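Quick mapping for you: the protein sequence lines, in order, are chains G and R. Residue numbering for the first sequence follows my numbering, beginning at 1 and increasing consecutively. Residue numbering for the second sequence follows my numbering, beginning at 1 and increasing consecutively. In this text, a Cβ means the ideal position worked out from N, Cα and C, and glycines have one as well. For clarity, every value in this text was computed on a predicted model and none was experimentally measured. Everything on this sheet refers to the single structure shown next.
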Amino acid sequence: MRIALVGSIAAASALAPAAAFAVDYLSAEEAARLMFPDAERFELHEIVLDAAQLQALDARGVRGRSARWQSLAARRGDATLGHVIVDQVTGKFELIGYAVGIALDGTLKPVEILSYRESHGGEIRLPAWRRQFAGKSSTSTLRVGDDIANISGATLSCTHVTDGVRRIVAVFDLVKKSGGLR
Amino acid sequence: MVASVEPPARHVVRRARPALGTLLEIGAEPCDGCDAAFAVAAAFDRVRVVESLLSRFDAGSEIHRFNAAPAGAHIDLGADARAVLDASRALHDASGGLFDVSLGSGPEGWFVDEASVLHKRRAGVSLDLGGIGKGYAVDAAVQALRRHGVRTGWVNAGGDLRVFGTIDVPVDVRDETGGGVRRFGTLGEGAFATSRLGGRQVSVAAEFCLWADALTKIVAASGDASHPLLQRYGARAWLQ
């Protein structure tokens, strides 16, 4: 076991200023390719929920949140293999980007985390803080020493992501039933 | 002319998925004759298996079946549940009962015999491996990476972290009250876990993540950052 502390334990105490923490894992396209390796191409597909569909989501206990969703449709020839929907959720101090892949038969691919952002001082609720990450591209390969810090905490939960996945599955299910997916 | 020479890039595969009720991150350095991305995928698969085997919510798990069973029941255990329950019993006895996977429902109400059979001595006893299972799953993921040829990498389940090989990974501890992180130090060839119990935040470094995970509970419950058990497991603890 090799462990080296930064100065003293005080470095991890409330006296030291807290820093932001950020990791990018995959871009949306990279996640889509992992989920549907047989796809020849991915096309942007817009999903629009009407008022009745939003109500139906509410009735299922899943708050619709948004009427417009974008997916990457995985195509091979004329066939659609499935869809990948990218979303973000916020926790108390963290912003998590993730991708949900659903095959056309409804099978769920393992959820991939795209990015993790830990804020300090509660900027997480500020639109400006959140905007700085919008559309940020990332790569799955990075260099040791650049950005490999690991976070340790007692209460890091994935409840928000799990709720988000449930919402996306419900949206997908509804739209599929209405024939709105190609 | 002065040219700046970039050090050779060491490309790392680093991925994260929701698992074990938290975010599970797995990193692997490229290795000769192995596929780091494939190894990382195998490690995620291994965690999923361990999670379902140890979960008290998964209807097929040995733990769920034990909790639902009447007194006198006996359940054949697989290698994973056996390993975790054996470690739980050892930690329970060594900590004078502070570590208790029955959560007070009756630590003497269960035992595992030499043939890997879990016995339920009386009704109402239930098991919850939440205080140790995550650490075990992290160790299992590290084993899976190694089995696939990875020599250097790390696995982090929401703060239950293990690092192996030649790398020293910077560890940041999350500020649970105000957000953000503070640099704690670096960790190589070992494990680190953080838990919060009764308003106390405890971090423990140990050789294996199962030990680090379980020892945070013992330090938090005893309030003793130099609990004698730490020395026995070659561990160090920090109370905040």
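R33(G) (DSSP reduced to helix, strand or coil) = Along the first sequence, read from residue 1 onward, the residue named residue 33(G) stands at position 33. Under the three-state reduction of DSSP output, R33(G) falls in the helix class.
So, is the C-beta of P18(R) closer than 8 Å to a C-beta in chain G?
-> For the purposes of this step, residue 18(R) is taken as residue 18 along the second sequence, with counting starting at 1. Yes, P18(R) counts as interfacial toward chain G.
Report the three-state DSSP secondary structure of Q231(R) (helix, strand or coil).
-> Taking the second sequence and counting its residues from 1, one reaches residue 231(R) at position 231. Helix.
Give the straight-line distance between the Cα atoms of S105(R) and L230(R), rounded to the nearest whole angstrom.
-> Reading the second sequence from its first residue, position 105 is the one you call residue 105(R). Reading the second sequence from its first residue, position 230 is the one you call residue 230(R). The alpha-carbon atoms of S105(R) and L230(R) are separated by roughly 26 Å.
Relative to chain R, which residues along the region 155–182 of chain G have a C-beta separation below 9 Å, given in chain order?
-> Legend: CB atoms of the region 155–182 of chain G lying less than 9 Å from CB atoms of chain R belong to residues T155, L156, S157, C158, T159, V161, T162 and V165.
Among A31(G), P127(G), A4(G) and A22(G), which has the Cα closest to the Cα of I102(G)?
-> As a working note, residue 102(G) is residue 102 in the first sequence. It is A31(G) whose Cα lies nearest to the Cα of I102(G).
Can you give me the Cβ contacts of D163(G) inside the same chain, cut-off strictly under 8 Å, excluding the 5 residues immediately before and after it?
-> By 1-based counting over the first sequence, the position of residue 163(G) is 163. Around D163(G): V89.
Would you mind sorting D32(R) into buried or exposed? The rule is 16 or more other CB atoms within 10 Å of its CB.
-> In the second sequence, the residue the question calls residue 32(R) occupies position 32. The residue is exposed, with fewer than 16 neighbouring Cβ atoms inside 10 Å.
Per-residue burial, G217(R) [other beta carbons within 10 Å of its own, 16 or more giving buried] = Along the second sequence, read from residue 1 onward, the residue named residue 217(R) stands at position 217. Residue identity differs from the one stated: residue 217(R) is Lys in this sequence, not Gly. A buried status is given to K217(R), since no fewer than 16 other beta-carbon atoms sit within 10 Å of its beta-carbon.
Would you mind working out which of S27(G), R182(G), T159(G) and V175(G) sits nearest E94(G), comparing C-alpha positions?
-> Along the first sequence, read from residue 1 onward, the residue named residue 94(G) stands at position 94. Comparing alpha carbon positions, the residue from S27(G), R182(G), T159(G) and V175(G) closest to E94(G) is T159(G).
List the endpoints of the continuous beta strand (DSSP E) containing R236(R).
-> Residue mapping note: residue 236(R) aligns to position 236 of the second sequence, counting from 1. Under the DSSP assignment, R236(R) falls in the beta strand (DSSP E) whose first and last residues are R236 to L239.
From the DSSP output, read off the bridge partner residues of S157(G).
-> Within the first sequence, numbered from 1, the residue matching residue 157(G) stands at position 157. Answer is none; S157(G) lacks a bridge partner.
So who's on the other strand from F42(G), going by DSSP bridges?
-> Here residue 42(G) is taken as the residue at index 42 of the first sequence, counted from 1. F42(G) pairs with A74(G).
In angstroms with no decimal places, state the Cα-to-Cα distance between A28(G) and G97(R).
-> As a first step, residue 28(G) must be located in the first sequence, where it is residue number 28. As a first step, residue 97(R) must be located in the second sequence, where it is residue number 97. When rounded, the distance between both Cα atoms is 48 Å.
Name, going along the chain, the residues of the region 102–132 of chain R whose beta-carbon falls closer than 8 Å to a beta-carbon of chain G.
-> Listed by position, the residues of the region 102–132 of chain R near chain G (Cβ gap below 8 Å) amount to none.
Is there contact between the region 145–164 of chain R and the region 220–237 of chain R, where contact requires at least three CB pairs shorter than 8 Å?
-> Between the region 145–164 of chain R and the region 220–237 of chain R, the count of Cβ pairs shorter than 8 Å is below three; the stretches do not touch.
Taking Cβ positions only, does S195(R) come closer than 8 Å to chain G?
-> On the second sequence, position 195 is the one that residue 195(R) refers to. Interface residue, yes.
Could you please give the first and the last residue of the uninterrupted alpha helix (DSSP H) stretch that includes R15(R)?
-> For the purposes of this step, residue 15(R) is identified with residue 15 of the second sequence, where counting begins at 1. Run containing R15(R): none in the alpha helix (DSSP H); it sits in the beta strand (DSSP E), H11 to A19.
Hey, which unbroken runs of the alpha helix (DSSP H) at 4 residues or more fall wholly within the region 49–127 of chain G?
-> The region 49–127 of chain G is shown to contain whole alpha helix (DSSP H) runs of 4 or more residues at 51–59, in chain order.
Simplified DSSP assignment, three categories, for F44(R) = If you number the second sequence from 1, residue 44(R) lands on position 44. Helix at F44(R).
Taking C-beta pairs closer than 9 Å, name the residues in chain R that T21(G) reaches, listed in chain order.
-> Numbered from 1 along the first sequence, position 21 holds the residue referred to as residue 21(G). Per the sequence presented here, residue 21(G) reads as Phe, with Thr not at that position. Contact of F21(G) with chain R by beta-carbon distance below 9 Å involves D172, R174, G180 and V181.
Does the beta carbon of L23(R) sit closer than 8 Å to a beta carbon anywhere in chain G?
-> Translated into positions along the second sequence, residue 23(R) becomes position 23. Yes, because at least one Cβ of chain G sits closer than 8 Å to the Cβ of L23(R).
Does any CB atom of chain G fall closer than 8 Å to the CB of A140(R)?
-> By one-based count along the second sequence, residue 140(R) stands at place 140. Chain G has no Cβ within less than 8 Å of the Cβ of A140(R).
Under 9 Å Cβ-Cβ, which residues of chain R neighbour E40(G)?
-> Here residue 40(G) is taken as the residue at index 40 of the first sequence, counted from 1. Within 9 Å Cβ-Cβ: nothing; E40(G) doesn't reach chain R, min ~21 Å.
Just to confirm, are G135(R) and A212(R) a CB contact at a threshold of 8 Å?
-> Along the second sequence, read from residue 1 onward, the residue named residue 135(R) stands at position 135. Along the second sequence, read from residue 1 onward, the residue named residue 212(R) stands at position 212. Contact flag set, yes.
Answer yes or no: do L215(R) and A221(R) have a C-beta to C-beta separation smaller than 8 Å?
-> Position 215 of the second sequence holds residue 215(R). Position 221 of the second sequence holds residue 221(R). No, the pair does not count as a contact, with Cβ atoms beyond the cut-off.
Taking the runs of the alpha helix (DSSP H) that are 4 residues or longer, which of them lie wholly in the region 71–130 of chain R?
-> Taking only runs of at least 4 residues, the alpha helix (DSSP H) segments lying wholly in the region 71–130 of chain R are 79–94.
So which of L197(R), V173(R), R56(R) and D45(R) has the shortest CA-CA distance to V138(R)?
-> As a working note, residue 138(R) is residue 138 in the second sequence. Minimum Cα distance to V138(R) is reached at D45(R).
If the cut is a Cβ gap below 8 Å, which residues of chain R does R2(G) touch?
-> As a first step, residue 2(G) is located in the first sequence; it is residue number 2 there, counting from the start. Residues of chain R passing the Cβ test: D168, T186, L187, G188, E189 and G190.
For V171(R) and R65(G), the rounded distance between their alpha carbons = For the purposes of this step, residue 65(G) is taken as residue 65 along the first sequence, with counting starting at 1. For the purposes of this step, residue 171(R) is taken as residue 171 along the second sequence, with counting starting at 1. Straight across, the Cα-Cα distance linking R65(G) with V171(R) is about 35 Å.
For L210(R), which of helix, strand or coil comes out of DSSP?
-> Along the second sequence, read from residue 1 onward, the residue named residue 210(R) stands at position 210. Of the three classes helix, strand and coil, the one that applies to L210(R) here is helix, per DSSP.
What do you reckon, are the CB atoms on V84(R) and D128(R) nearer than 8 Å?
-> As a first step, residue 84(R) is located in the second sequence; it is residue number 84 there, counting from the start. As a first step, residue 128(R) is located in the second sequence; it is residue number 128 there, counting from the start. Contact flag unset, no.
Quick one: residues in its chain with C-beta nearer than 6 Å to the C-beta of R174(R), no 5 flanking neighbours on either side, listed in chain order?
-> For the purposes of this step, residue 174(R) is taken as the residue at position 174 of the second sequence. Beyond the five residues adjoining it in sequence on each side, R174(R) comes within less than 6 Å, by CB distance, of V181 in the same chain, given in chain order.
State buried or exposed for D24(G), treating a residue as buried only when at least 16 other CB atoms are found within 10 Å of its CB.
-> Taking the first residue of the first sequence as position 1, residue 24(G) is located at position 24. D24(G) should be labelled buried.
Where V117(R) falls, given that 16 or more other Cβ within 10 Å makes a residue buried = Residue mapping note: residue 117(R) aligns to position 117 of the second sequence, counting from 1. Looking at its Cβ environment, which holds fewer than 16 other Cβ atoms inside 10 Å, V117(R) is exposed.
Can you name, in chain order, every residue of its own chain whose Cβ lies under 7 Å from the Cβ of T245(R), other than the five neighbours on each side?
-> Because chain R here runs from 1 to 240, residue 245(R) falls outside it and cannot be looked at.
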